[in-house]
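Worksheet: one structure, shown below.
Number of protein chains: 2
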Amino acid sequence: MSASRPPAARAKNGPDKRRMILDAAVRVFANQGFHACRVSDIADEAGVAYGLVYHYFASKDEVLDTLFLERWAVLLATIRQVDVEETNPRAKLHAIASFIVDSYSHDPDLMKVIIVEVTRAANSFGQTHLAQIREAYELIAAIVTAAQAEGAFKAEIDAEFAAMAFYGAIEQMLTGWIFGLLPREAEDFEHAKWLVVETVCGGLETTTVGNTLPG
Amino acid sequence: MSASRPPAARAKNGPDKRRMILDAAVRVFANQGFHACRVSDIADEAGVAYGLVYHYFASKDEVLDTLFLERWAVLLATIRQVDVEETNPRAKLHAIASFIVDSYSHDPDLMKVIIVEVTRAANSFGQTHLAQIREAYELIAAIVTAAQAEGAFKAEIDAEFAAMAFYGAIEQMLTGWIFGLLPREAEDFEHAKWLVVETVCGGLETTTVGNTLPG
DNA sequence: CGTTGTTGACTGACTAGTCAATCTATTTTG
DNA sequence: CAAAATAGATTGACTAGTCAGTCAACAACG
């Protein structure tokens, strides 16, 4: 069940092969896709023997699971922290969008793998991690609910739905970058964060005026 | 390249086996997933010999391709038609959301397959059909651009981005239903259509008031 | 000298796709 | 119209290849 731990004792010695395998897997999964790649591709990319992958991980699946869970835990922790640190609902959503967009700009391959192979692959791996994914929705929904209670957000839009629309917009944006569907100008990451928050909070229509965050 | 045609000449005779294979494939793909199922599963489900699948389709992939392209063509035609028939931008978006939500309520398995195995499976099949998917975005973006030109929508939110946010919200909603992440109350389909349009057009914040479609 | 890390050849299960044979309907012919 | 010929539909056993995971041996280290 549990992933094997990194060999902490000999950390100072050679390189951490387990880490090397994980990092190589990110590159291979991002380039070839989880299903299309062979375990030997990961081992080769990591410069490691085939069997060593199975010394550190029980299966090919567990490699992907580990990558996802490592990163998703950070996301969940960030959302929780944001909810405490920020007060304005719009600022909270902006901070969440920031974290996700920054994650992408910092390590596009890892985010590509998480989105394409787990989050959107709701059949195979998404099913396994549905609880984790749902938790993110619920944390965002809680933010929306609080905003509704204090009168900042409309009460007639279900919080769960709002959370989905918000997260869905972000994920679609990342997907757009990943597959080159969004034009390069929009790849100004700061602008993208503002766009997603402005769209979801302010809406597309012109009725609302100039309710923007300080840039 | 081209899929073999249904045997038109002998249509009045027995059942259309090609159609039976496609319909069976929808069920099998929806239940087991494209990668997890075997071609023999499709043949069994259709009550047809294994080899007949390869008489009508060049490959397992082509079965899925055919299902996707059949349905996506209808979506694109609908968006084009909506753009002509409706005048109000909000009404246009509502009509598009309606078509997609109605498609889901009419045949959940087919929509599940299209979304899970093609649209969101951006790696394998999504890549193949990127042009088709992009076309839907562009048609929606054109609607947004026109709305901006007439002053109904804010000019500062890129049309391409708005299209993605809108489509992303719908797809996320369907995904939520497909995997039980959205609560049952939201499964009131008419309400869902309104929600997605209201969120994207009106925004979550309370600044805008009561600008709703006649229900 | 035992423990942990490391190697890569090997196996066994699995399945997409092939193909030669059979069947059924339609058309041609005498 | 019956017999023969043709075309296309249908069958499923079989092939050829793939690849995840195992294992037995070797290396490094304390």
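So the sequence lines, in the order shown, correspond to chains A and B. Take any residue in the first sequence, note its place counting from 1, add 27, and you have its number in my numbering. Take any residue in the second sequence, note its place counting from 1, add 27, and you have its number in my numbering. Quick reminder that beta carbons are idealized off the backbone N, C-alpha and C, glycines included. Owing to the predicted nature of the structure, the values given are computational and were not obtained by experimental measurement.
Classification of residue i by the beta-carbon crowding that lies within 10 angstroms, buried from 16 upward
i, result
"N115 of chain B", "exposed"
"Y131 of chain A", "buried"
"R147 of chain B", "buried"
"T239 of chain B", "With a pLDDT of 43 at T239 of chain B, under the threshold of 50, the modelled position of this residue cannot be trusted; read the value that follows with caution. Flag for T239 of chain B reads exposed."
"R46 of chain A", "exposed"
"V236 of chain A", "Residue confidence is low: V236 of chain A scores 44 on pLDDT, short of 50, so the model does not pin down where it sits. Its coordinate-derived value is still stated next. Flag for V236 of chain A reads exposed."
"S125 of chain B", "buried"
"R117 of chain B", "buried"
"V80 of chain B", "buried"
"E177 of chain B", "exposed"
"G207 of chain B", "exposed"
"A57 of chain A", "buried"
"V143 of chain B", "buried"
"V101 of chain B", "exposed"
DSSP-derived helix/strand/coil call for residue i
i, result
"E89 of chain A", "helix"
"E198 of chain B", "helix"
"V227 of chain B", "helix"
"E72 of chain B", "helix"
Short CB-CB distance (under 9 Å) between residue i and chain B
i, result
"P210 of chain A", "yes"
"Q154 of chain A", "yes"
"Q159 of chain A", "no"
"F216 of chain A", "no"
"L231 of chain A", "yes"
"D110 of chain A", "no"
"P33 of chain A", "No answer about P33 of chain A holds up, because its pLDDT of 45 lies below 50 and its placement is not dependable."
"P241 of chain A", "Caution applies to P241 of chain A, whose pLDDT of 41 falls short of 50 and renders its modelled position unreliable; the model cannot decide the point."
"Y131 of chain A", "no"
"V171 of chain A", "yes"
Residue i and residue j closer than 9 Å at C-beta
i, j, result
"V66 of chain B", "L137 of chain B", "no"
"F95 of chain B", "Q199 of chain B", "no"
"L220 of chain A", "V128 of chain A", "Note on identity: in this sequence residue 220 of chain A is Lys, with Leu being the wrong assignment. Against a cut-off of 9 Å, the Cβ pair of V128 of chain A and K220 of chain A comes out as a contact."
"A186 of chain B", "A163 of chain B", "no"
"L222 of chain B", "F188 of chain A", "yes"
"G74 of chain B", "A51 of chain B", "yes"
"T234 of chain B", "T234 of chain A", "yes"
"L91 of chain B", "V171 of chain B", "no"
"K181 of chain A", "E232 of chain B", "yes"
"A122 of chain A", "E112 of chain A", "yes"
Neighbour flag for residue i against chain A, beta carbons, 9 Å
i, result
"M191 of chain B", "yes"
request  = At 4 residues or longer, and completely inside the stretch 140 to 187 of chain B: list those alpha helix (DSSP H) runs for me, N to C.
outcome  = The alpha helix (DSSP H) runs lying completely inside the stretch 140 to 187 of chain B and spanning 4 residues or more are 152 to 155 and 157 to 176, given in chain order.
inquiry  = Just to confirm the assignment: which complete alpha helix (DSSP H) runs, minimum length 4, are found wholly within the stretch 91 to 132 of chain B?
reply    = Runs of alpha helix (DSSP H) with 4 or more residues, each lying fully within the stretch 91 to 132 of chain B, are absent.
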